[in-house]
Each structure stands twice: as C-alpha cells, then as structure tokens.
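Peer 1:
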Amino acid sequence: MNEYNIIQLFLFIMIVLTLINGLVYFKKLIKLQEENNELLKKLLKEGIKEENNDALPYNEIEKLKTEFIKNNR
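Sequential numbering from 5 applies to the sequence shown in the working numbering.
(1) Taking the alpha-carbon positions, what's the Pro61 to Lys69 distance?
(2) So, for Asn56: in the same chain, excluding its five sequence neighbours on each side, which residues have a beta-carbon less than 6 angstroms away from its beta-carbon?
(3) What's the gap between the Cα of Asn40 and the Cα of Asn6?
(4) Could you round the C-beta distance between Phe72 and Leu43 to whole angstroms and report it? I think they count as a contact, below 8 angstroms.
(5) Between Phe14 and Lys35, what straight-line distance do the alpha-carbon atoms span, to the nearest angstrom?
So this is what it looks like as structure tokens:
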C-alpha cells in the first residue's frame, strides 16, 4: 500500500511539472510572437515593402537581425 502512495505522489509531481513547463513555454511563445508583431509593424512604418516580389536587401536584413539580437539580451 505504501508503494502505491509513492507512485501516485511521483505521478502527481510529474503532471504538475509538465503543466508548469507548458505554461512557461507558451508564455515565451507569446512574448516572441509579440516581438515579431512589433518588428512587422516597424517594417510597415518604415515603408519597407516588397516591390516586384524581391527579397530584402542584405543590409536591411542585417539591421533587423542586430536589432532583434539586442532586444533579446
């Protein structure tokens, strides 16, 4: 009988830790999505638009990448 209580306790702890892990993961995911939305809004405000379906110039991509890395530190 004592062994079953220990197993139930471990299962309960595993379920609680899994739920906490999921909450932390989704919180980070939401934060990243908000940052992504802000960067897209900045792109629209700066007037960077795709013309003739061309890719962004290299220097613009580097600017966005460095800005994103600075914001994540």
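Think of the CB as a built atom: it goes at the ideal place given N, C-alpha and C, for glycine as much as any other residue. This structure is a prediction, so every number in the text was calculated from the model and none was measured.
Peer 2: By the coordinates alone:
(1) 13 angstroms
(2) A caution first: Asn56 carries a pLDDT of 49, below 50, which makes its placement in the model unreliable, though a value can still be read off. Here the set comprises nothing.
(3) 51 angstroms
(4) 7 angstroms
(5) 32 angstroms
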